[in-house]
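Asks: Going down the list, the sequences are from chains W and Z.
All the letters of the first sequence, read from the start, carry residue numbers 1 to 338 under the working numbering.
All the letters of the second sequence, read from the start, carry residue numbers 1001 to 1197 under the working numbering.
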Amino acid sequence: MGIQGIDLSLIWGVIIAFGVMMYVIMDGFDLGLGILFPLIPDEQERDVMMNTVAPVWDGNETWLVLGGAALYGAFPLAYGVILEALYLPLILMLCGLIFRGVAFEFRFKSSPQKRHWWDKAFIGGSLLATFSQGVVIGAYVSGIPVVDRQFAGGGLDWLAPFPLVCGVGLVIAYALLGSTWLLVKTEGMLESRMRLFTRPLALLLMAMVLVIGVWTLQLHPELATRWSTHGHLQVFAGLVVLALLALFGLLRTLRQRHTHWPFVFTLVLMLLGYIGLALSIWPNIIPPSVSIWAAASPPSSQLFALIGALFILPVILMYTFWSYYVFRGKVRIGDGYH
Amino acid sequence: MLFGIPDMQAEKTKYALEIPYLGSLILTHSLDKQIPALKSFPKEDRPNSTVIFWSFRVMAGLGMLMILVGLLGLALRWGGKLYQHRGFQRLVLLMGPSGLIALLAGWITTEVGRQPWVVYGLLRTHDAASHHSVAQMSTSLALFVVIYFTVFSVGIGYMMKLVKKGPQPHHEHPPAGDELQAPRRPISAATAPMKEH
Chain W
1 MGIQGIDLSL
11 IWGVIIAFGV
21 MMYVIMDGFD
31 LGLGILFPLI
41 PDEQERDVMM
51 NTVAPVWDGN
61 ETWLVLGGAA
71 LYGAFPLAYG
81 VILEALYLPL
91 ILMLCGLIFR
101 GVAFEFRFKS
111 SPQKRHWWDK
121 AFIGGSLLAT
131 FSQGVVIGAY
141 VSGIPVVDRQ
151 FAGGGLDWLA
161 PFPLVCGVGL
171 VIAYALLGST
181 WLLVKTEGML
191 ESRMRLFTRP
201 LALLLMAMVL
211 VIGVWTLQLH
221 PELATRWSTH
231 GHLQVFAGLV
241 VLALLALFGL
251 LRTLRQRHTH
261 WPFVFTLVLM
271 LLGYIGLALS
281 IWPNIIPPSV
291 SIWAAASPPS
301 SQLFALIGAL
311 FILPVILMYT
321 FWSYYVFRGK
331 VRIGDGYH
Chain Z
1001 MLFGIPDMQA
1011 EKTKYALEIP
1021 YLGSLILTHS
1031 LDKQIPALKS
1041 FPKEDRPNST
1051 VIFWSFRVMA
1061 GLGMLMILVG
1071 LLGLALRWGG
1081 KLYQHRGFQR
1091 LVLLMGPSGL
1101 IALLAGWITT
1111 EVGRQPWVVY
1121 GLLRTHDAAS
1131 HHSVAQMSTS
1141 LALFVVIYFT
1151 VFSVGIGYMM
1161 KLVKKGPQPH
1171 HEHPPAGDEL
1181 QAPRRPISAA
1191 TAPMKEH
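1) Quick one: is residue 1132 (chain Z) near chain W, going by C-beta distance under 7 Å?
2) Quick check on residue 1123 (chain Z): does DSSP put it in helix, strand or coil?
3) Considering residue 285 (chain W), what are the terminal residues of the beta strand (DSSP E) in which it resides?
4) Hey, out of W:116, W:191, W:153, whose CA is closest to residue 1131 (chain Z)'s CA?
5) Do residue 262 (chain W) and residue 320 (chain W) count as a contact pair if the criterion is CB distance below 7 Å?
6) Which of the three DSSP states, helix, strand or coil, is assigned to residue 12 (chain W)?
7) Run down chain C in chain order and give the residues with a C-beta less than 9 Å from the C-beta of residue 84 (chain W).
8) Can you give, in chain order, each stretch of the alpha helix (DSSP H) that sits fully within the stretch 1107-1166 of chain Z and has at least 4 residues?
9) Looking at C-alpha atoms only, which residue of W:256, W:189, W:197, W:222 is the closest neighbour of residue 143 (chain W)?
10) In the DSSP assignment, the alpha helix (DSSP H) including residue 255 (chain W) goes from what residue to what residue?
11) Judging by CA-CA distance, which residue of W:108, W:41, W:20, W:57 is the nearest neighbour of residue 69 (chain W)?
12) Mapping the DSSP letters down to three states, classify residue 291 (chain W) as helix, strand or coil.
13) How would you label residue 324 (chain W), buried or exposed, when you count the other beta carbons within 10 angstroms and need 16 or more for buried?
14) According to DSSP, simplified to helix, strand and coil, what is residue 1168 (chain Z)?
15) Using the Cβ count rule (16 or more neighbours within 10 Å means buried), how would you classify residue 105 (chain W)?
16) In whole angstroms, what is the alpha-carbon distance linking residue 28 (chain W) and residue 177 (chain W)?
17) For a contact defined as C-beta to C-beta under 8 Å, what are the partners of residue 1136 (chain Z) on chain W?
18) Let me make sure I understand the geometry here. Which of W:295, W:162, W:11 has the alpha-carbon closest to that of residue 132 (chain W)?
19) For the candidate residues W:267, W:140, W:203, whose alpha-carbon lies nearest to that of residue 79 (chain W)?
20) Return the residues of the stretch 105-128 of chain W that lie within a Cβ-Cβ distance of less than 8 Å from chain Z, sorted by chain order.
21) In the DSSP assignment, find the alpha helix (DSSP H) that holds residue 108 (chain W) and state where it starts and stops.
22) Say whether the stretch 259-279 of chain W touches the stretch 230-239 of chain W, bearing in mind that this needs 3 or more beta-carbon pairs closer than 8 Å, one atom from each stretch.
23) Identify which residue in W:55, W:184, W:165 has its Cα closest to the Cα of residue 216 (chain W).
24) Using a C-beta to C-beta distance shorter than 7 Å, which residues of chain Z count as neighbours of residue 102 (chain W)?
25) Out of curiosity, what's the CA-to-CA distance linking residue 1121 (chain Z) and residue 1046 (chain Z)?
26) Within its chain, find whatever has a CB closer than 8 Å to the CB of residue 172 (chain W); leave out the 5 residues flanking it on each side and keep chain order.
27) Under a CB-based cut-off of 7 Å, is residue 91 (chain W) close to chain Z?
28) Take residue 1068 (chain Z) as the anchor and find which of Z:1081, Z:1088, Z:1053 has the nearest alpha-carbon.
29) Should residue 1108 (chain Z) and residue 1055 (chain Z) be called a contact, given that it needs their Cβ atoms to be closer than 7 Å?
30) What does a CB cutoff of less than 6 Å around residue 63 (chain W) pick up in its chain, not counting 5 residues either side in sequence?
31) Mind checking the stretch 163-175 of chain W against chain Z and listing, in chain order, the residues whose C-beta falls within less than 8 Å of any C-beta there?
32) Where residue 1071 (chain Z) and residue 1079 (chain Z) are concerned, what is the direct C-alpha to C-alpha distance, given to the nearest angstrom?
33) Report the rounded CA-to-CA distance for residue 211 (chain W) versus residue 224 (chain W), giving the unit in angstroms.
34) Less than 8 Å between the CB atoms is what I'm expecting for residue 16 (chain W) and residue 67 (chain W), so what's the real figure, rounded?
35) Suppose you measure from the CA of residue 98 (chain W) to the CA of residue 265 (chain W); what does that come to, to the nearest Å?
36) What residues in the stretch 1153-1169 of chain Z have a beta carbon less than 9 Å from any beta carbon of chain W?
Listed below in structure tokens is the structure:
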């Protein structure tokens, strides 16, 4: 599995999990803006919303590319099986990302009469991409049948109630990330309106998490046994307590009109959910049957790619941090109108 | 060999115009070593040579033409006639899409040229295909064609508008304080609004 006792598959598993988490959190809030767009009819406020993420949204999507490429290099079996199983929702996600990406450029160039088309592309693209991602997560958690290192399911297996509900759940989660992001980045009417939306979104998300959680345990009784064994139970209880504390903190700081804390608590909520998900699947990379070691590429490939990754990851982290730092602060109407 | 009409059935190139030794010099760095001939590969291991023959020449020919236009421009600049020579300007305008066309031709050359292999000697393209139904694959392909045509036609329309407008004098105004932090999009340098259709 490794070279001189180093478990390369484990390291790669952690890198990919980290990359996907960064993606979910960061592209989450800019996709969320597209989901919130229909609730904000004012053109100028829409400009502000887009401008809050204009310098960073495409950088956020770097993590998606990183996750995909790392999966290809380190776990080719998982790449082959998962991408084949989820072919259509992933294609739909890409279509959505294309439309919203183009909308960023063309919306500001179009004539006022035509602008609504790009608004629609932004809204539709964001919704489609988010919903598809939720479906992908749902179908992934439901399990992907593998026989003889080949995908053994049907091309439309993902079209089931559970993945579709997960799609709706993710739309709400990203909307919450988006609304709390706007609390940080905007002021005036837009900020107060976001303050109004955040509370119901947070409560709705908690309800969805509850539904999806119970449903998951019903679909996979083995998970219930896993979580209730000694050691796991404490971790699980810890995650739930922390999530409740984060929800409480979110609602409280929201009431106290804090600008940054609601976003931080939302990030914590997403992180806790993600950790819970990762621990439920671990050590599988294709649930329910293929572990990260069974799906690994040869150690030489993993090591070769790892050397590159160890150089490039700090660079990505640094420029990501830098771009957020440079464009810190509130965005006002008329700002960055170029 | 510079030019000719390839004939896949007869396995030869008609009306060939050749420079002896050049290919050998480029590929093997010597005048007398042999380049393995296409005919030495079994027929089922060969790509479609007609397509590659032409796509490669389109790419390389356009590349040569670009260099030539560059040198011509330099000569005119030195002669002080760059801004007056209408013929040259028309030529440069016509060369506008050459980069894109050469790029596509080069891409076709590599992708068609490696057929029938995905991994050379190990995996056939045929065996690498996913098990999805024809319906799924064609739906997604059609989807991409539609999306790209939509997005590209808008983009090309905008580019044409910028071309028609011509170069605009650049007004330098240093951003004041806060404006330094204002986000800019990649095409923010273009000031024209999109066409009112």
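Glycine included, C-beta positions come from ideal geometry on N, C-alpha and C.
If you're wondering where the values come from, they're calculated on a predicted model, not measured in any experiment.
Replies: To lay it out plainly:
1) Position 132 of the second sequence holds residue 1132 (chain Z). With 7 Å as the cut-off, residue 1132 (chain Z) counts as an interface residue toward chain W.
2) Counting from 1 along the second sequence, the entry for residue 1123 (chain Z) is found at position 123. Looking at residue 1123 (chain Z) - three-state DSSP - the assignment turns out to be strand.
3) Translated into positions along the first sequence, residue 285 (chain W) becomes position 285. Boundaries of the beta strand (DSSP E) around residue 285 (chain W): 284-286.
4) Translated into positions along the second sequence, residue 1131 (chain Z) becomes position 131. Cα-wise, what sits closest to residue 1131 (chain Z) is W:153.
5) Position 320 of the first sequence holds residue 320 (chain W). Position 262 of the first sequence holds residue 262 (chain W). It is not a contact, given that the beta carbons lie outside the stated cut-off.
6) Taking the first residue of the first sequence as 1, we reach residue 12 (chain W) at position 12. Helix, per DSSP.
7) Note that chain C does not occur in the displayed structure, where the protein chains are W and Z.
8) 1125-1128, 1134-1165
9) In the first sequence, counting from the first residue as 1, residue 143 (chain W) sits at position 143. Nearest C-alpha to residue 143 (chain W): W:222.
10) As a first step, residue 255 (chain W) is located in the first sequence; it is residue number 255 there, counting from the start. That run of the alpha helix (DSSP H) goes 232-255.
11) Taking the first sequence and counting its residues from 1, one reaches residue 69 (chain W) at position 69. Selected option, being the one with the closest Cα: W:20.
12) Position 291 of the first sequence, counted from the first residue, corresponds to residue 291 (chain W). Residue 291 (chain W) carries a strand assignment under DSSP once its states are collapsed to helix, strand and coil.
13) Numbered from 1 along the first sequence, position 324 holds the residue referred to as residue 324 (chain W). It counts as exposed.
14) Residue numbering aside, residue 1168 (chain Z) sits at position 168 when the second sequence is read from its first letter. Here residue 1168 (chain Z) sits in coil by DSSP.
15) In the first sequence, residue 105 (chain W) corresponds to position 105, counting from 1. So residue 105 (chain W) counts as buried.
16) One-based indexing of the first sequence puts residue 28 (chain W) at position 28. One-based indexing of the first sequence puts residue 177 (chain W) at position 177. Computed Cα separation, rounded: 6 Å.
17) Locating residue 1136 (chain Z) in the second sequence gives position 136, counting from the first residue. Going along chain W in sequence order, the residues near residue 1136 (chain Z) (Cβ under 8 Å) are 87, 88, 155.
18) Here residue 132 (chain W) is taken as the residue at index 132 of the first sequence, counted from 1. The option with the nearest alpha carbon to residue 132 (chain W) is W:162.
19) The count along the first sequence starts at 1 and reaches residue 79 (chain W) at position 79. For residue 79 (chain W), the closest C-alpha among the options W:267, W:140, W:203 is that of W:140.
20) For the stretch 105-128 of chain W, which is checked against every Cβ of chain Z, the residues closer than 8 Å are 105, 106, 108, 109, 110, 111, 113, 114.
21) As a first step, residue 108 (chain W) must be located in the first sequence, where it is residue number 108. Per DSSP, residue 108 (chain W) belongs to no alpha helix (DSSP H) and is neither H nor E.
22) yes
23) In the first sequence, the residue the question calls residue 216 (chain W) occupies position 216. Nearest to residue 216 (chain W) by alpha-carbon distance, out of W:55, W:184, W:165, is W:165.
24) Looking up residue 102 (chain W) in the first sequence gives position 102. Residues of chain Z with a Cβ closer than 7 Å to the Cβ of residue 102 (chain W) are, in chain order, 1151.
25) Taking the second sequence and counting its residues from 1, the one referred to as residue 1121 (chain Z) is at position 121. Taking the second sequence and counting its residues from 1, the one referred to as residue 1046 (chain Z) is at position 46. Their backbone Cα atoms lie some 12 Å apart in a straight line.
26) If you number the first sequence from 1, residue 172 (chain W) lands on position 172. Cβ neighbours of residue 172 (chain W) beyond the five flanking positions: 201, 204, 205, 208.
27) Against the first sequence, residue 91 (chain W) aligns to sequence position 91. Closer than 7 Å to some Cβ of chain Z, the Cβ of residue 91 (chain W) qualifies, so yes.
28) Position 68 of the second sequence, counted from the start, is the residue given in the question as residue 1068 (chain Z). With distances taken between Cα atoms, residue 1068 (chain Z) lies closest to Z:1088.
29) Looking up residue 1108 (chain Z) in the second sequence gives position 108. Looking up residue 1055 (chain Z) in the second sequence gives position 55. Yes, they are a contact pair.
30) Start at 1 with the first residue of the first sequence, and residue 63 (chain W) comes out as number 63. Cβ within range, chain order: 19, 22, 23.
31) none
32) Along the second sequence, one-based indexing puts residue 1071 (chain Z) at 71. Along the second sequence, one-based indexing puts residue 1079 (chain Z) at 79. Distance between the alpha carbons of residue 1071 (chain Z) and residue 1079 (chain Z) is about 12 Å.
33) For the purposes of this step, residue 211 (chain W) is identified with residue 211 of the first sequence, where counting begins at 1. For the purposes of this step, residue 224 (chain W) is identified with residue 224 of the first sequence, where counting begins at 1. The straight-line gap from Cα to Cα measures roughly 15 Å.
34) As a first step, residue 16 (chain W) must be located in the first sequence, where it is residue number 16. As a first step, residue 67 (chain W) must be located in the first sequence, where it is residue number 67. The C-beta distance from residue 16 (chain W) to residue 67 (chain W) rounds to 6 Å, short enough to fall under 8 Å.
35) Counting from 1 along the first sequence, the entry for residue 98 (chain W) is found at position 98. Counting from 1 along the first sequence, the entry for residue 265 (chain W) is found at position 265. In a straight line, the C-alpha of residue 98 (chain W) is about 30 Å away from that of residue 265 (chain W).
36) 1154, 1155, 1158
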